[in-house]
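In the working numbering, the protein residues as written are 95 to 161.
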């Protein structure tokens, strides 16, 4: 496995992880589950923005950076 492919895979996994956490927190917060009900909306937006950033990095790594 080349370095570029390995790096792209890490970014793709990070994208999925942050997106999954953001969706889980958003859904559980909506149900009013324990401490998650007290999490501000800004934290969820931050998780979503990090996920978007990781997705963009994974795309750029896979398509543009060929070294």
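Ideal Cβ placement from N, Cα and C applies to all residues, glycine included.
Annotated three-state conformation of residue 144 is helix, per DSSP. With a contact defined as Cβ atoms closer than 8 Å, residue 141 and residue 105 miss out at about 16 Å. In this structure, residue 138 keeps its C-beta atom at 7 Å or more from the C-beta atom of residue 158. Secondary structure of residue 126 (DSSP, three-state): coil. Here the C-alpha atom of residue 154 lies approximately 11 Å from the C-alpha atom of residue 147.
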